[in-house]
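To start, the structure under review is shown below, and the notes come after it.
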């Protein structure tokens, strides 16, 4: 294998600088480098990407004490010797190398994420000092047991140990109270331990392609109330549909993905839910229809009554007009001035009576119509004497209704069965504007 060394000059030229201390980040991937010892002169280096090179050791990084992020994926490393003093490291990715041990990691006290997949590591070293470690990936390593190496890692949220040689989990994860994702596929596990119930926050669990044969080996699943995604494919217990159905009965209601498929509710429950829903919909529809029919019948009755009243009123008016005309002719001979006054008064009384006896439907329409004179609704005794004054009064009432939204408030009161139209009018008219808007609940200012 040919050697290829990195030089300080190459780095400075690439970064377009002459100041070594100003270099904090370097991307040196895919360069077939075998020697990076020159990086020891870059004291302020914090992020370094050396993926896809031909490095066999990391001795050249000993002096990079400020390094926080390091990736040496896909090199030819047989050891991590040289990084023991890089205590500021928070992320280390040394996957796809030829590492046989991970003992050098134990001193990296600020490490948060450790990725060492696809190596030749046979055992997990003590990680007690890595109090902030939250992600650990050791997949595809010949690890046969977890032991107590993770017993002090209370912040651990993700653990991946797929494609290893693990035969049992035991109590190795009982202290990992924040664990949310556990991947243990393609191992030799025969049962899930009861201690797994202590991992109450577990969301994703993959134990596919193991050696779980009995339902008792999965009983602990019922205690994992937060579990969302479960995979047990490739185990003897999931070989046939009958066994799979038994496993589904064990699962907590929180599970929505089982063996990489969305979990459907049982047909019995689904039918029951649909039936209930249809009943509710039907009842609601039926209830609504009854209410509408009742309202329609009321409106019909009211309209019939109002039509009868209108006819009787018209007949009364005609009779009053004929009577007043005949009386006018008789009395005009005696005193024309007095007769004229009496006739005008009767005409005013007839008009006022007609306004008071307006049908309920017409009254509601008038209240909802912003163009209607509010003298009819609120000020029954304040109708102007003069026609010009009456027009001004109407305009004032219109503007007041449009500004305050009282119209709808009155309509709300009319819907209530008070039994006394005039009383409801006066009650609303006495309310202050602010109260009326609040009662209506439909004001544009709310």
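Residue numbers (the UniProt record's numbering): 1 to 446. Beta carbons are placed, not taken as given, at the ideal position from N, Cα and C, and that holds for glycine.
Apart from the 5 residues on each side of it in sequence, residue 44 sits with its Cβ closer than 6 Å to the Cβ of 21, 24, 66 in its chain, given in chain order. Taking the C-beta atoms as reference points, residue 130 is found no nearer than 8 Å to residue 99. Beta-bridge partners of residue 240 (DSSP): none assigned. The beta carbon of residue 111 sits closer than 8 Å to those of 89, 90, 91, 92, 105, 130, 132, 133, all from its chain and outside the five residues before and after it, given in chain order. Secondary structure note for residue 15: its alpha helix (DSSP H) is the uninterrupted segment 8–15. If you draw a 10 Å sphere on the C-beta of residue 185, you find 16 or more other C-beta atoms in it, and that means buried. Between residue 244 and residue 217, the CB-CB gap reaches or exceeds 8 Å. Taking C-beta separations shorter than 6 Å and ignoring five residues to either side along the sequence, the partners of residue 162 in its chain run 139, 183, 185, 186, following chain order. The alpha carbon of residue 212 has as its nearest neighbour, out of 193, 202, 204, 227, the alpha carbon of 193. Counting of Cβ neighbours within 10 angstroms places residue 32 among the exposed residues, the total staying below 16.
In the three-state DSSP reduction, residue 115 falls in the strand class (E or B). Residue 136 has its alpha-carbon roughly 5 Å from the corresponding atom of residue 114.
If you ignore the 5 residues before and after residue 215, its C-beta comes within less than 6 Å of the C-beta of 246, all in its own chain and listed in chain order. The straight-line gap separating the alpha-carbon atoms of residue 250 and residue 178 is approximately 23 Å. For residue 26, the enclosing beta strand (DSSP E) covers residues 25–27. Pairing residue 204 with residue 180 gives a Cβ-Cβ distance under 8 Å. If you ignore the 5 residues before and after residue 160, its C-beta comes within less than 6 Å of the C-beta of 137, 139, 183, all in its own chain and listed in chain order.
Taking the Cβ atoms as the reference, residue 196 lies roughly 10 Å from residue 176, outside the contact range of under 8 Å. Here residue 47 is actually not in contact with residue 74; their C-beta atoms are around 18 Å apart, not less than 8 Å.
Per DSSP, reduced to three states, the secondary structure at residue 103 is helical.
Per the DSSP secondary-structure output, residue 205 pairs in a beta bridge with 182, 230. Between residue 232 and residue 256 a beta carbon distance of about 15 Å is seen, past the 8 Å cut, so the two are scored as non-contacting.
Membership of residue 49 in the beta strand (DSSP E) is indicated by the continuous run 47–49. Nearest Cα to residue 107 within the set 121, 70, 18, 85: 85. Taking a C-beta distance under 8 Å as the contact criterion, residue 63 and residue 40 qualify as a contact pair. Take residue 206, set aside five residues on each side of it, and the residues of its chain with a beta-carbon closer than 6 Å to its own are 183, 185, 231, in chain order. In this chain, the beta strand (DSSP E) harbouring residue 91 covers 91–93.
No Cβ-Cβ contact shorter than 8 Å links residue 52 with residue 82. Residue 133: not part of any beta strand (DSSP E); DSSP gives it neither H nor E. Here residue 11 is buried. Its C-beta has 16 or more other C-beta atoms within 10 Å. In this structure, the straight-line span from the alpha carbon of residue 124 to that of residue 16 is close to 43 Å. Annotation: the segment 119–168 contains the following complete segments of the beta strand (DSSP E) (minimum length 3 residues), in chain order: 135–137, 158–160. Per DSSP, residue 71 is one residue of the beta strand (DSSP E) stretching across 69–71.
Its Cα nearest to that of residue 118, the residue 101 stands out among 127, 101, 128.
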